[in-house]
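In our numbering, the protein residues as written are -16 to 112.
Report on one structure; see the data block that follows.
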Ligand code: FE
């Protein structure tokens, strides 16, 4: 997946980011800074800066994680079947760098009925440093 070796990512990322993005972990619900965010604009991959999601498709899912009904471009998303924990889920990664973002479910709102359930720590709002 990733084009960098783990040592390089460890230098670039915080331990929390490394756990989610590289180890495919999940931040605790309602813990992330973008869960309740109403910021306008785009959310980028924390690892490579690729624009992934827009505030235009962000909605309040009540799940405790930032939720979007579509990515900015399907071309920037990698979908992987995830059967961990006895569930069949679809994992969502950044296609450019392989960083883990979250999962997508088919119980989202119109028009796509998709719910991209994304970890805040995997994202960086365009206005954030
Ligand atoms: Fe990326």
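All C-beta atoms, glycine included, are put in the ideal place defined by N, C-alpha and C.
message = Is the beta carbon of residue 25 closer than 9 Å to that of residue 100?
response = Along the chain shown, one-based indexing puts residue 100 at 117. Along the chain shown, one-based indexing puts residue 25 at 42. No, these two residues do not count as a Cβ contact at 9 Å.
ask   = Among residues of its own chain, excluding the 5 on either side of residue 10, which ones have a beta-carbon nearer than 8 Å to its beta-carbon?
value = Position 27 of the chain shown, counted from the first residue, corresponds to residue 10. Excluding residues within five positions, the ones whose Cβ falls inside 8 Å are -1, 3, 48, 102, 103 and 104.
Residue -10: CB within 8 Å of a non-hydrogen atom of the ligand FE = For this step, residue -10 is matched to residue 7 along the chain shown. Result no, Cβ not under 8 Å from the ligand FE.
query = Whole alpha helix (DSSP H) runs in the segment 17 to 55 with 4 or more residues, listed along the chain?
reply = none
task = Rounded to whole angstroms, what's the CA-CA distance from residue 36 to residue -8? Just pull it up for me.
result = Mapped onto the chain shown, residue 36 falls at position 53. Mapped onto the chain shown, residue -8 falls at position 9. Their Cα atoms are separated by approximately 22 Å.
inquiry  = Assuming contact is defined by CB atoms lying nearer than 9 Å, are residue 98 and residue 89 in contact in what I supplied?
reply    = Locating residue 98 in the chain shown gives position 115, counting from the first residue. Locating residue 89 in the chain shown gives position 106, counting from the first residue. Result yes, Cβ atoms of residue 98 and residue 89 sit closer than 9 Å.
ask   = Would the beta-carbon of residue 81 be found less than 8 Å away from any heavy atom of the ligand FE?
value = Taking the first residue of the chain shown as 1, we reach residue 81 at position 98. For the ligand FE, at least one heavy atom lies less than 8 Å from the Cβ of residue 81.
Terminal residues of the beta strand (DSSP E) in which residue 75 lies = Start at 1 with the first residue of the chain shown, and residue 75 comes out as number 92. Where residue 75 is concerned, the enclosing beta strand (DSSP E) stretches over 72 to 77.
Residue range of the alpha helix (DSSP H) that includes residue -1 = The count along the chain shown starts at 1 and reaches residue -1 at position 16. Taken as a continuous stretch (DSSP letters only), the alpha helix (DSSP H) holding residue -1 covers -2 to 4.
query = Is it true that the CB of residue 55 sits closer than 9 Å to the CB of residue 34?
reply = Taking the chain shown and counting its residues from 1, one reaches residue 34 at position 51. Taking the chain shown and counting its residues from 1, one reaches residue 55 at position 72. Yes, the Cβ-Cβ distance between residue 34 and residue 55 is below 9 Å.
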